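The next block holds one structure in the form of structure tokens; read it before the comments.
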Amino acid sequence: MSKQPQLDITHHEDDGLHILHLSGRLDTETSPHAEGRILEVIEKGDTFILNLQDLVYISSAGLRLILVFMKKTKKKNARMIFCAPGENILKVFEVSNFLEFLEITASIEEAVLKLR
Amino acid sequence: MNTAAVGDGISKEKALRGLFIAGFIDVLLTTTAFLLANSSVLLADFLKTFIELIAITLSWVAIRRINRGGGKTYEYGLGKLENISSLFVALVMLLSFLIIAANAVRNILHPGHIEGMGLWVSIGAQIVYSGINGSLYFKNRRLSRESPSPLMDSQTRLFLTRFIGNIFILLSLGLSMAFAGHTWSSYIDPAASLVIAFSILSATLGIFSSSVCDLLDRTLEEERQIMILAELARHFHDYEELHGIRSRCSGAQVYVEIFLGFDPEKKVGEVQESIDRIRADIQGRIQGSDVAIVMTNGPVS
Numbered sequence: 020m021s022k023q024p025q026l027d028i029t030h031h032e033d034d035g036l037h038i039l040h041l042s043g044r045l046d047t048e049t050s051p052h053a054e055g056r057i058l059e060v061i062e063k064g065d066t067f068i069l070n071l072q073d074l075v076y077i078s079s080a081g082l083r084l085i086l087v088f089m090k091k092t093k094k095k096n097a098r099m100i101f102c103a104p105g106e107n108i109l110k111v112f113e114v115s116n117f118l119e120f121l122e123i124t125a126s127i128e129e130a131v132l133k134l135r
Numbered sequence: 167m168n169t170a171a172v173g174d175g176i177s178k179e180k181a182l183r184g185l186f187i188a189g190f191i192d193v194l195l196t197t198t199a200f201l202l203a204n205s206s207v208l209l210a211d212f213l214k215t216f217i218e219l220i221a222i223t224l225s226w227v228a229i230r231r232i233n234r235g236g237g238k239t240y241e242y243g244l245g246k247l248e249n250i251s252s253l254f255v256a257l258v259m260l261l262s263f264l265i266i267a268a269n270a271v272r273n274i275l276h277p278g279h280i281e282g283m284g285l286w287v288s289i290g291a292q293i294v295y296s297g298i299n300g301s302l303y304f305k306n307r308r309l310s311r312e313s314p315s316p317l318m319d320s321q322t323r324l325f326l327t328r329f330i331g332n333i334f335i336l337l338s339l340g341l342s343m344a345f346a347g348h349t350w351s352s353y354i355d356p357a358a359s360l361v362i363a364f365s366i367l368s369a370t371l372g373i374f375s376s377s378v379c380d381l382l383d384r385t386l387e388e389e390r391q392i393m394i395l396a397e398l399a400r401h402f403h404d405y406e407e408l409h410g411i412r413s414r415c416s417g418a419q420v421y422v423e424i425f426l427g428f429d430p431e432k433k434v435g436e437v438q439e440s441i442d443r444i445r446a447d448i449q450g451r452i453q454g455s456d457v458a459i460v461m462t463n464g465p466v467s
């Protein structure tokens with residue numbers, strides 16, 4: 020029996036605003052699935068929220084994906100906000116210089132307000 | 167091959183030549199001691215030093231090949247040659263462990279007191295060689311820190327093991343002779359031998375693990391992967407797309423390939439400047455890295 024990837028991604032759209040909720044681990048095992056799924060959504064819109072509230076772990080493979088997403092959104096003049104990352108995730112963003120270009124909010128409500 | 171690399175290779179070669187001469191004299195002394203005494207510990211010591219000399223010879227030959235030829239033709243393979251030499255050293259050390267352990271078990275099952283002129287020859291040799299091996303260990307440790315490589319790592323471990331071995335054999339022989347009147351003293355030799363055997367096994371596992379992973383072209387560990395991404399994040403505005411990152415280790419050398427897309431409106435000179443900046447920063451951050459940045463406009467497999 021094959022092991023299930025430990026990352027759930029849910030997506031919903033609200034008046035052109037795409038909200039993706041990531042739950043679990045974003046690592047070498049789960050990033051191929053996440054890449055396909057999220058890039059597909061990025062093609063569809065201009066404003067995105069990545070809810071990281073339930074993301075418990077991010078590896079270098081996950082960071083690479085985030086870099087790819089940010090480049091894609093920048094190229095199409097779109098906007099992506101990352102909301103509610105846990106302390107561990109925030110620490111990884113900090114040591115990897117990602118805070119220099121990521122737009123992060125403490126809650127999903129704050130992210131929605133910024134994009135409306 | 168650059169000048170620094172040539173100088174580095176020559177200093178490694180000189181170090182190994184010194185180790186070879188020391189090892190050869192050690193083999194002569196341990197052979198004499200073994201032939202003039204009935205100690206199985208001295209038999210094990212003789213076998214161990216003999217096999218170690220073979221290992222040193224192989225490492226010396228490998229580093230000479232690296233320094234004298236093949237630099238241009240086998241840029242990637244030279245790292246593997248270092249790994250293969252280290253693996254051979256590990257196998258030789260494993261063999262030493264098995265021999266010493268087998269002798270120790272035999273002596274525990276059939277204990278007997280040790281005697282003969284060879285004991286005094288060995289005690290003298292252990293005193294001299296504990297000094298030599300101790301200083302060679304510190305010298306190799308310094309070289310290994312200045313220029314890390316699996317080969318120098320294995321040599322450092324090897325000479326630490328030999329130094330500990332000298333001290334243990336010295337103590338073992340000294341105590342066995344001092345308490346020769348007691349039955350229990352016949353167990354001192356095999357007990358000390360077992361301690362040496364397990365220290366050799368521990369060093370062997372470390373070398374084996376590191377060399378096998380490198381031979382299989384392992385990618386960089388997480389810490390250094392994040393260092394690469396941190397530099398790409400720092401230069402976020404210098405490129406337009408990230409299409410992929412590949413990395414692998416070959417001996418002490420780290421190879422990184424980064425596939426980036428650039429704004430087509432940018433001049434070639436500007437793109438080149440960006441590439442040079444990113445490459446220099448990653449190479450500065452990851453010791454022994456050789457970074458190639460490839461301009462591409464699509465994903466890489």
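As you go down the protein sequences, you meet chains C and R in turn.
Here this note's numbering is used: the first residue of the first sequence is 20, the next is one more, and so on.
Here this note's numbering is used: the first residue of the second sequence is 167, the next is one more, and so on.
Note that the Cβ used here is the ideal one computed from N, Cα and C, for glycine as well.
Since the structure is predicted, the reported quantities are computational estimates derived from the model, not experimental observations.
- For Arg451 (chain R), no Cβ of chain C is located within less than 7 Å of the residue's own Cβ.
- What Leu395 (chain R) touches in chain C, judged by beta-carbon distance under 7 Å, is Ser79, Leu82, Arg83, Leu86, Ser115, going in chain order.
- Against chain R, a Cβ distance below 8 Å from Lys110 (chain C) picks out nothing, because the smallest value is about 11 Å.
- With respect to the C-alpha of Ile392 (chain R), the residue from C:Asp46, C:His30, C:Asp34, C:Asp33 having the closest C-alpha is C:Asp46.
- Note: Thr49 (chain C) is not bridge-paired with any residue in the DSSP secondary-structure output.
- Cβ-Cβ distances below 6 Å link Asp447 (chain R) to Glu397 in the same chain, with the five nearest sequence neighbours on each side left out; the list follows chain order.
- The three-state reading of DSSP puts Ser376 (chain R) in helix, counting H, G and I together.
- Here Lys178 (chain R) is actually not in contact with Met283 (chain R); their C-beta atoms are around 39 Å apart, not less than 8 Å.
- At least one C-beta of chain C is nearer than 7 Å to the C-beta of Glu388 (chain R).
- Taking a contact as a CB-CB distance under 8 Å, the pair Ile68 (chain C) and Cys102 (chain C) counts as one, their CB atoms being some 6 Å apart.
- Of the candidates R:Phe190, R:Thr196, R:Ser205, R:Leu302, R:Ser205 places its Cα closest to the Cα of Tyr353 (chain R).
- In the pairwise beta carbon analysis, the segment 360-377 of chain R is classified as touching the segment 258-267 of chain R: at least three pairs are separated by under 8 Å.
- Contact between the segment 70-88 of chain C and the segment 40-57 of chain C is established, with three or more Cβ pairs separated by less than 8 Å.
- Under the 10 Å beta carbon count, Arg328 (chain R) is surrounded by 16 or more other beta carbons and is classified as buried.
- Residue pairing for Ser413 (chain R): DSSP places it in a beta bridge opposite R:Val422.
- For Ile127 (chain C), the closest C-alpha among the options C:Leu26, C:Leu41, C:Asp27, C:Gln25 is that of C:Leu41.
- Close to Phe120 (chain C), with beta-carbon spacing below 9 Å, are these residues of chain R in chain order: Ala399, Phe402, His403.
- One thing to note: Ile222 (chain R) has its Cβ no nearer than 7 Å to the Cβ of Leu195 (chain R).
- Between Thr462 (chain R) and Phe425 (chain R), the gap from beta carbon to beta carbon is short of 7 Å.
- CA-CA distance, Ser296 (chain R) to Ser342 (chain R), rounds to 19 Å.
- Neighbours of Lys133 (chain C) across chain R, judged by C-beta separation under 7 Å, do not exist; the nearest C-beta is about 20 Å away.
- Chain C places a beta carbon closer than 7 Å to that of Glu407 (chain R), counting this residue as a contact.
- The Cβ-Cβ distance between Val60 (chain C) and His30 (chain C) falls below 7 Å.
- If you ignore the 5 residues before and after Asn299 (chain R), its C-beta comes within less than 7 Å of the C-beta of Phe325, Arg328, Phe329, Asn332, all in its own chain and listed in chain order.
- Neighbourhood of Lys94 (chain C) in chain R, by CB distance below 8 Å: Glu406, Glu407, in chain order.
- Under the three-state reduction of DSSP output, Arg135 (chain C) falls in the coil class, being neither helix nor strand.
- Taking a Cβ-Cβ threshold of 9 Å, the residues of chain C close to Ile392 (chain R) are Ser78, Ser79, Leu82, Val111, Val114, Ser115, in chain order.
- At a cut-off of 7 Å between beta carbons, Lys63 (chain C) makes no contact with chain R.
- For Gln438 (chain R), the enclosing alpha helix (DSSP H) stretches over residues 434-451.
- For Ile335 (chain R), none of the residues of chain C pass the 8 Å Cβ criterion, the least Cβ distance being about 47 Å.
- Counting every other CB atom within 10 Å of its CB across the protein chains shown gives Ala344 (chain R) a total below 16, marking it as exposed.
- Taking C-beta atoms as the reference points, Ala97 (chain C) and Asp73 (chain C) fail to come closer than 7 Å.
- Residue environment: Arg323 (chain R) is assigned as buried (16 or more neighbouring CB atoms within 10 Å of its CB, all protein chains considered).
- For Thr92 (chain C), the uninterrupted alpha helix (DSSP H) run begins and ends at 79-94, by DSSP.
- In the three-state scheme derived from DSSP, where H, G and I count as helix and E and B as strand, Tyr405 (chain R) is classed as coil.
- In the structure shown, Gly43 (chain C) adopts extended strand secondary structure according to DSSP, grouped into three states.
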